[in-house]
Amino acid sequence: MEAVAERIKLNLVLLTVEELKALGFSELIPEALRQKRVFKKPSPPICVRVNRIDYLLPPTLTVILGEYGELLDFTPTPIEAPYSLTDKSLVEYLLFDLPEVLENERSPVLVRDLSERFSTHVYEGVEYCLNILARVSKVYNVSTIVCDKTLELPNKTASLT
1 MEAVAERIKL NLVLLTVEEL KALGFSELIP EALRQKRVFK KPSPPICVRV
51 NRIDYLLPPT LTVILGEYGE LLDFTPTPIE APYSLTDKSL VEYLLFDLPE
101 VLENERSPVL VRDLSERFST HVYEGVEYCL NILARVSKVY NVSTIVCDKT
151 LELPNKTASL T
């Protein structure tokens, strides 16, 4: 439990009050709120270029819908969420492991086929992961890209296609 607490303390700026409560760390909420108030974005922003179409993606969450295979040529090369991660393990990776990686080396982030990574509660899982990735992008000031062939978003303004 102590190791979990240390990992959570490293990610207080990224975690929400609701997540801290759900994880059983309500006592860390005041510190999390304090850190959020004084937080300064890392600089410079890390953008990613989609080489095939010579398009620069800003440091925000971008969702590429449809057949995306030809677009997977990025500069710089993004950190990719391992395809083997599904369901809870994917969420845990995005909340805990990815921030540790980004603390050591800020880089764009790529997640492929998000909608296929959930065996149950697909809509909720996708929505939650998109929320986490938007926060990752904001906290670390990096481009985060989700590429998905079958995902349907209610808000099409989030899509490159």
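All the letters of the sequence shown, read from the start, carry residue numbers 1 to 161 under the numbering used here.
For every residue, glycine included, the Cβ atom is placed at its ideal position computed from N, Cα and C.
Practice task
Determine the burial state of Ser-26: buried for a count of at least 16 other Cβ atoms within 10 Å of its Cβ, exposed for fewer.
Solution key: exposed
Exercise for the section: Within the same chain, show all residues whose beta-carbon is closer than 8 angstroms to that of Leu-85, passing over the 5 residues directly before and after it, in chain order. Expected result: Tyr-93, Arg-117
Exercise for the section: Compare the C-alpha of Glu-80 against each of Thr-60, Glu-70, Thr-16, Val-101 and name the closest. Expected result: Val-101
Exercise for the section: Apply the 10 Å Cβ neighbour rule to Asn-104 and answer buried if 16 or more other Cβ atoms are within range, or exposed otherwise. Expected result: With fewer than 16 Cβ atoms within 10 Å of its Cβ, Asn-104 is classed as exposed.
Practice task
Quick one: using the 10 Å Cβ neighbour count with 16 as the cut-off for buried, is Thr-75 buried or exposed?
Solution key: exposed
Practice task
Give the DSSP-derived three-state secondary structure of Tyr-123 in the structure shown.
Solution key: helix
Problem - Outcome for Asn-51 when other beta-carbon atoms lying within 10 angstroms are tallied against a minimum of 16 - result: exposed
Practice task
Using 10 angstroms around the beta-carbon of Ala-32, count the other beta-carbons present and answer buried if the total reaches 16, otherwise exposed.
Solution key: buried
Exercise for the section: Flag Asn-141 as yes if its beta-carbon sits less than 8 angstroms from any beta-carbon of chain C, otherwise no. Expected result: In the structure shown, chain C cannot be found, because there is only a single protein chain.
Practice task
Would you grab the beta carbon distance between Ile-145 and Val-91 for me? Rounded to a whole angstrom, and I think it's under 8 angstroms.
Solution key: About 18 angstroms; that fails the 8 angstroms criterion.
Problem - Nearest candidate by alpha-carbon position, reference Ser-115, set Pro-59, Phe-96, Val-126 - result: Val-126
Handout entry: Which of helix, strand or coil DSSP assigns to Glu-80
Key = strand
Handout entry: 6 angstroms CB neighbourhood of Leu-68 in its chain, flanking five on each side removed
Key = A small correction: the amino acid at residue 68 is Tyr; Leu does not occupy that position in the sequence shown. Same-chain partners within the cutoff: Cys-147.
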